[in-house]
Amino acid sequence: MLSTPAVRARRRAVLAMLVASAALAACGKDDPQAKLEAAARALQAAIEARDIGDVMDLLDEHFQGSGNLDRDGTRRMLTATFLRFQNIKLIAMSSQARVDPQTPTLGRVEAQVLVTGAQGLIPERAEPYTVRMEWRLVGGDWKLADLRWDE
1 MLSTPAVRAR
11 RRAVLAMLVA
21 SAALAACGKD
31 DPQAKLEAAA
41 RALQAAIEAR
51 DIGDVMDLLD
61 EHFQGSGNLD
71 RDGTRRMLTA
81 TFLRFQNIKL
91 IAMSSQARVD
101 PQTPTLGRVE
111 AQVLVTGAQG
121 LIPERAEPYT
131 VRMEWRLVGG
141 DWKLADLRWD
151 E
């Protein structure tokens with residue numbers, strides 16, 4: 001598969017948007033806000049561990065992203081990115097998460113994220129993104145339903 005600058009940027013953006021809320025601190029175990037933040041941290045850990053299965057488990061069955069990205073497209077993009085970069089780090093420079101007070105099964109996260117990728121110890125790339133995510137509470141678990149990003 002050819003890797004154009006647009007494809008590489010899209011790969012990095014997907015990683016960034018999937019972990020935008022990684023720096024959030026947890027409150028309590030049964031608190032929906034804390035569960036939302038824990039889901040975001042789990043997503044970050046799965047991406048940094050390059051575990052596609054764990055990432056996909058956190059996506060809603062109807063997940064959509066920028067550029068008409070769906071679950072299958074996300075899986076393909078993660079596979080290509082994980083093959084290219086041995087080391088991936090996600091750094092949330094700032095983030096804000098909130099559970100919608102009118103619809104407590106809906107959570108939103110907005111963050112400024114730096115994504116780095118490397119074959120070895122020294123990052124080859126470092127890209128900043130603004131990421132907006134919408135999470136849905138499904139059966140007691142937060143699932144990432146929608147994400148949008150800007151470079």
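In UniProt numbering, the protein residues as written are 1 to 151.
Backbone N, C-alpha and C define an ideal beta-carbon position, used for all residues, glycine too.
Asked: Is the CB-CB distance between Leu58 and Leu43 below 9 Å?; Found: yes
Asked: Mark residue 175 as exposed unless 16 or more other C-beta atoms lie within 10 angstroms of its C-beta, in which case mark it buried.; Found: Outside the shown range of the chain, which is 1 to 151, sits residue 175, and nothing can be said about it.
Asked: Could you spell out the range, first to last residue, of the alpha helix (DSSP H) harbouring Ile122?; Found: Taken as a continuous stretch (DSSP letters only), Ile122 belongs to no alpha helix (DSSP H), as it is neither H nor E.
Asked: Give the DSSP-derived three-state secondary structure of Thr81 in the structure shown.; Found: helix
Asked: Bridge partners for Asp57 per DSSP, in chain order?; Found: Note: Asp57 sits in no beta bridge, so no partner.
Asked: When the Cα atoms are used, what is the spatial distance from Ala97 to Arg84?; Found: 31 Å
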